[in-house]
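Peer 1: What follows is a structure written as structure tokens; I'll ask about it next.
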Amino acid sequence: MKIAVISDNHLGVKWGTAREQDSFNQTKESIERALELGAELILELGDIFNTRTPRQEVWAQAMRILSIPLARGRSEIKLDRTIDKDKDDFSPVALRGAPVIALHGNHERRTRGFVNPVQALEAAGLLIYLHHNVLIFDTPRGKLAIHGMSNVPEQHARNVLAAWNPKPVEGAFNILMLHQSVGQYVYSSEEFPTIDLADLPPGFDLYLCGHIHYHADAVAHGKPLLFPGSTERTQLLQVEAEVPKGFYMLDLGDGLSYEFIELKSTRDFYYEEMKFDGIRIPQLNEVVRAKARELLERPRRNLEKLPLIRLRLTGTLAKEASRSEFDERAIIQEFADRALVAISKGDLTSPGLEEKVQLLRELRERRLPIDEMAMSMLEGNLRDMKYNHPLDVRPLYGLLVEKREDEAFQKVLGVVENQIKTELGRKSDDNPS
Ligand SMILES: [Mn+2]
1 MKIAVISDNH LGVKWGTARE QDSFNQTKES IERALELGAE LILELGDIFN
51 TRTPRQEVWA QAMRILSIPL ARGRSEIKLD RTIDKDKDDF SPVALRGAPV
101 IALHGNHERR TRGFVNPVQA LEAAGLLIYL HHNVLIFDTP RGKLAIHGMS
151 NVPEQHARNV LAAWNPKPVE GAFNILMLHQ SVGQYVYSSE EFPTIDLADL
201 PPGFDLYLCG HIHYHADAVA HGKPLLFPGS TERTQLLQVE AEVPKGFYML
251 DLGDGLSYEF IELKSTRDFY YEEMKFDGIR IPQLNEVVRA KARELLERPR
301 RNLEKLPLIR LRLTGTLAKE ASRSEFDERA IIQEFADRAL VAISKGDLTS
351 PGLEEKVQLL RELRERRLPI DEMAMSMLEG NLRDMKYNHP LDVRPLYGLL
401 VEKREDEAFQ KVLGVVENQI KTELGRKSDD NPS
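Reading the sequence shown from the start, the letters are residues 1 to 433 in the numbering used here.
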């Protein structure tokens, strides 16, 4: 029995640029190849969409692609029962063809009470959504239990997982799906995971995790822990140039075997870091152009799409030179018919011009959704102030993002009133009169 494991499609990422169809191309290829290879079930590990409230154009393409497994897939599996999931929550239509089971990722997570886009796909009958629940199937090779926890804020992940405390279903092949950073497997170096490999609940036959954008396999409690990585290049880091994009195909025969299937539709990507020591602008222009030409000579895999080239410039400029004199846009323009060039010069400094915008640069490098960025700044500031949490800021922030200011105000008012009451209570205890 074959199962495809796909993650982090980020549908709609790079919308409005030359790359706006890439995330769709790669998702479609993943699903079509998975079905060709005989997948009877497709597991999506979160971040199907790049944003919490995708635009209509993104929805239409996403739904068209996600209807393929229902229409063309074939499967001998039957849903036996569910744990902590009401069968009325999803449409029986979602069990046709090769069913898709999905988590929401951090890009799709919304405040409690709001519908996230993966739940909306479930409402359309295109998939079954898991968050702290289990689906148990009858398959020709026996029972199969799929347990899923969708993304939660990283700092709470360990506690939330421990509170859920999933237990393998006896007599079944048990798969646990997550969308978090785990141990040394992190999305970016600024992320501090709370789940370690040892914190994963024991007794499962296979652990699957989204969120990490490069594919990797590890071991947890003696069993495989697979990270399929994203299907689209979202970070343009070295690791994205080195590790191929694709998905896993699992084969559940007598035992478990798996294979990583590399996508063909992915754009070729060349990443190069160039370090300089007191370089002058005319010389810089020359070597950057030469580097781009050299990279275009490298072997190509995908000739259908323009390749991506990212040049990261670091080190120092000549004393009198300023970064703004270097016109990278002219180079990008010059190569536009041969490659999509990105040049980052943020780490190039001239000795006389020390950087004053360290924080902004770091934030840009993290490539978090903008509201996550704001949230992590706020949480950092609160930590610095040794804030003692009378008010949980995340739900409050969520309400503000959703423009529910009245409810946010009521929440704050409630806390203030409580504080006052406590304070008055203490005062009257102090001097009983
Ligand atoms: Mn992601």
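Virtual Cβ for every residue (Gly too), placed ideally from N, Cα, C.
Write down every uninterrupted run of the beta strand (DSSP E) in the region 234 to 315 whose length is 3 residues or greater and which is fully enclosed by it, in chain order.
Peer 2: 246 to 252, 256 to 262, 269 to 279
Peer 1: Which residue marks the beginning of the alpha helix (DSSP H) containing L378, and which one marks its end?
Peer 2: 370 to 384
Peer 1: Mind checking H215: buried by the 16 CB within 10 Å criterion, or exposed?
Peer 2: Per the 10 Å Cβ criterion, buried.
Peer 1: Give the DSSP bridge partners of H147, in chain order.
Peer 2: H147 is bridged to V134, L176.
Peer 1: Please return the same chain residues whose Cβ sits closer than 7 Å to the Cβ of R301, not counting the five positions on each side in sequence.
Peer 2: These residues qualify, in order along the chain: D268.
Peer 1: Given a threshold of 16 other Cβ atoms within 10 Å of its Cβ, counted over all protein chains shown, does P117 qualify as buried or as exposed?
Peer 2: Buried is the call here.
Peer 1: Spatial neighbours of L263 within its chain, please: CB distance less than 7 Å, with the 5 preceding and 5 following residues excluded, ordered by chain position.
Peer 2: Q26, E29, S30, T231, K245, G246
Peer 1: Below 8 Å CB to CB, which residues in the same chain sit around I68 once its five sequence neighbours on both sides are set aside?
Peer 2: K28, I31, E32, L35
Peer 1: Which ranges does the alpha helix (DSSP H) cover as unbroken runs of at least 4 residues, wholly within the region 199 to 233, from first to last along the chain?
Peer 2: none
Peer 1: If you draw a straight line from the alpha carbon of G380 to that of R96, how long is it in whole angstroms?
Peer 2: 46 Å
Peer 1: Please go through the same chain and pick out, in chain order, the residues whose beta-carbon is closer than 8 Å to the beta-carbon of R280, but skip the five residues on each side of it.
Peer 2: L317, A318, A321
Peer 1: Is any heavy atom in ligand 1 found nearer than 6 Å to the beta carbon of G12?
Peer 2: no
Peer 1: Taking C-beta to C-beta, are E242 and M249 nearer than 7 Å?
Peer 2: With contacts defined by Cβ atoms closer than 7 Å, E242 and M249 do not form a contacting pair.
Peer 1: Using a 10 Å radius around the Cβ and a threshold of 16 neighbouring Cβ atoms, would you call V13 buried or exposed?
Peer 2: buried
Peer 1: When we look at the beta-carbon of P92 and count the other beta-carbons within 10 Å, is it buried (16 or more) or exposed?
Peer 2: exposed
Peer 1: Looking at C-alpha atoms only, which residue of A98, F90, L79 is the closest neighbour of R72?
Peer 2: A98
Peer 1: Comparing alpha-carbon positions, which option in R329, Q333, P351 lies nearest S344?
Peer 2: Closest option to S344, judged by alpha-carbon separation, among R329, Q333, P351: R329.
Peer 1: If you draw a straight line from the alpha carbon of L144 to that of G171, how long is it in whole angstroms?
Peer 2: 9 Å
Peer 1: Are the region 69 to 88 and the region 15 to 22 touching, with three or more C-beta to C-beta distances below 8 Å?
Peer 2: Under the Cβ criterion (8 Å, minimum of three pairs), the region 69 to 88 does not count as touching the region 15 to 22.
Peer 1: How should N174 be labelled, buried or exposed, when 16 other C-beta atoms within 10 angstroms of its C-beta is the threshold for buried?
Peer 2: buried
Peer 1: Just to confirm my understanding: we take N159, look at its own chain, exclude 5 residues before and 5 after, and list those with CB closer than 7 Å. What are they?
Peer 2: Nothing meets the Cβ criterion.
Peer 1: Spell out whether any CB of chain C is found under 7 Å from the CB atom of P166.
Peer 2: Here there is only one protein chain, and chain C is not present.
Peer 1: In whole angstroms, what is the alpha-carbon distance linking L127 and P153?
Peer 2: 24 Å
Peer 1: In chain order, what residues of the same chain have a beta carbon less than 8 Å from the beta carbon of K291, not counting five sequence neighbours either side?
Peer 2: E272, M274, L311
Peer 1: The beta strand (DSSP E) spanning I472 covers which residue range?
Peer 2: No answer is possible for residue 472: the residues shown for the chain start at 1 and end at 433.
Peer 1: Taking a contact to mean a Cβ-Cβ separation below 7 Å, would you say E44 touches I6 in this structure?
Peer 2: yes
Peer 1: Measuring only the C-alpha atoms, how far is E355 from S324?
Peer 2: Note that E355 has pLDDT 49, beneath the 50 cutoff, so the model's placement of it is unreliable and the number below is only indicative. Distance between the alpha carbons of E355 and S324 is about 13 Å.
Peer 1: I believe P395 touches T53 by the beta-carbon criterion, under 8 Å. Please report the beta-carbon distance rounded to the nearest angstrom.
Peer 2: Their Cβ separation, rounded to whole angstroms, is 18 Å, which puts P395 and T53 out of contact at 8 Å.
Peer 1: Please enumerate, following chain order, all residues with a beta carbon closer than 5 Å to at least one heavy atom belonging to ligand 1.
Peer 2: Taking each Cβ in turn, the ones that pass are D8, D47.
Peer 1: Out of curiosity, what's the CA-to-CA distance linking T234 and V186?
Peer 2: Going from the Cα of T234 to the Cα of V186 covers about 15 Å.
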